[in-house]
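Numbering (this note's numbering), first residue to last: 4 to 198.
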């Protein structure tokens, strides 16, 4: 069964949020991710927005059976109906999450510890670093790259086990593809997806 891991970030809390989710295929391979800047909110709203966008992503890929995992006990237990939800904004997000979940033929939710959710955490923090031009409710569907930011310098992009260094000033990539190589274009698309 396909698996979705989600995480949200917010620093300071409340403040700007980052949404992260990673969708894994039947063989455990990374299929697609959500990595975007959310609107101002809290850790809990970021967690809800991340699971919502992650499930939307899975549906957009034609997936009808899904296991969903996150390290937010609050979100997991509220979706499962084990914990009561009292805040109006979270009630709205809970209803939306349950509505999207109902579109799957089969869906389950489970809690994982933070250490087992590292990829989604990485994506949420990367998403939080983006500039928010205008909130986009569509998830950013990205190729199978791993991104490691180095603030003020650039990014490390890992593609199929190969490491590429993208410098921001001056703009360049170690793949020697010029300033319009696929790695630079990929990083530009991250910013475009929140526009």
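Glycine included, C-beta positions come from ideal geometry on N, C-alpha and C.
Residue 21 is positioned such that its CB atom lies closer than 8 Å to that of residue 131.
CA-CA distance, residue 97 to residue 51, rounds to 7 Å.
In the DSSP annotation of this structure, residue 10 is not part of any alpha helix (DSSP H); the continuous beta strand (DSSP E) holding it starts and ends at 5 to 13. A distance below 8 Å separates the beta carbons of residue 156 and residue 171.
Where residue 122 is concerned, the enclosing alpha helix (DSSP H) starts and stops at 121 to 131. Taking one beta carbon from each stretch, the stretch 70 to 83 and the stretch 103 to 118 have 3 or more pairs nearer than 8 Å; the two touch. With respect to the 8 Å criterion, residue 24 and residue 123 are classified as neighbours on the basis of their beta carbons.
Annotation: residue 65 to residue 94 spans about 27 Å, alpha carbon to alpha carbon. Contact between residue 60 and residue 5 fails: their C-beta atoms lie close to 11 Å from each other, not under 8 Å. Judged by DSSP secondary structure, residue 77 falls within the alpha helix (DSSP H) whose first and last residues are 76 to 82.
Going by C-alpha positions, residue 38 is about 22 Å away from residue 102. Taking all protein chains shown into account, residue 35 has 16 or more neighbouring C-beta atoms within 10 Å of its C-beta and is therefore buried. Counting of Cβ neighbours within 10 angstroms places residue 125 among the buried residues, the total reaching 16 or more.
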